[in-house]
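Residue numbers (our numbering): -5 to 353. All C-beta atoms in this analysis are idealised placements derived from N, C-alpha and C, irrespective of residue type, glycine included.
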């Protein structure tokens, strides 16, 4: 994700719709509420996913609010404006928990600040809080990368490692560096990465469009595979570990991530390969007991039946297109990698209790 401080009333992000648009900077439109912006910008005017990745959705949502506050939105009552905007922002992408947590924390901060500051001072304080959120995410991602790399290497003290990952969890899904791809980056920086295999991640192809792009851009040794090749790759390519991200991690350690993650975990279990989930603590939701309680977003059928408007499926076929699936905690055999350390699913709740703002 890319960010420019909204001194002129704009925030710039990278369009993620097609690979050739990677370098296209979008100056987002600002409507009467920040919520209108983030909902259109995260899921697109036509249903396109322009911003994706749980951390990035929260950050872009809050940055859209910063843009409007910089322009003086809310007048003499910015607290009401902030509250209404944040309520709308949280409805944009229901599976990811990050936006809801950021909204709650930001609202609490704004209400406390409003007791001592006038409207203009409050706007400046909220903008500064949002900018700090951006920096915290980058720092947390680097910690995730380092913890994950060291944990994986502890099982293979001298050899280089081969990683399989899914979807995109790098700089284009976060404020920078990435979560699961951040682990890959850290391994590469240590000269201990032999290769990373990335799945194409149908139907939106975040792996082939985004993860492959990041790997090539940074000179990380990478090989692209189709989703249906994953189990064979585990058997034939000496995979050391599977590392994926998460949009939501619940109290028992179940995780929601891009659809296709569940089958990777099953295949990894069969082949005796450690399966890791890399996610910041802001993606953890201890208010939900299990993955059965997670709301799974269902995407338009056109994502499966056409590519760039060209039909690739029989007309009239029925489509089921969930954007995410839930991986049971029993299959997360390597651990859950956070900025606080690496935990077994059974250890996560105790490790995070008291550290997270309740939803």
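DSSP lists 236 as the bridge partner or partners of residue 269. As far as DSSP is concerned, residue 56 takes part in no beta bridge. Residue 142 is not a Cβ neighbour of residue 185, given a cutoff of 9 angstroms. Residue pairing by DSSP places residue 330 opposite 271 and 337 in a beta bridge. Buried is the label assigned to residue 200, since at least 16 other Cβ atoms lie within 10 Å of its Cβ. Listed as beta-bridge partners of residue 300 by DSSP are 305. The C-alpha of residue 97 is placed about 8 angstroms away from the C-alpha of residue 81. In the structure shown, residue 91 adopts coil according to DSSP, grouped into three states. DSSP places residue 111 in the coil class of the three-state scheme, outside both helix and strand. A check of alpha carbon separations from residue 216 across 247, 159, 228 and 246 identifies 159 as the nearest. Assigned with DSSP and collapsed to three states, residue 192 falls in strand. The beta carbons of residue 156 and residue 232 sit closer together than 9 angstroms. Between residue 338 and residue 275, the CB-CB gap reaches or exceeds 9 angstroms. A residue is called buried once 16 or more other Cβ atoms fall within 10 Å of its Cβ, and residue 227 is buried on that count. Here the alpha carbons of residue 243 and residue 288 stand approximately 9 angstroms from one another. Between residue 319 and residue 220 the beta-carbon gap is near 18 angstroms, outside 8 angstroms, which marks them as no contact.
Around the beta-carbon of residue 109, fewer than 16 other beta-carbon atoms lie within 10 Å, marking it exposed.
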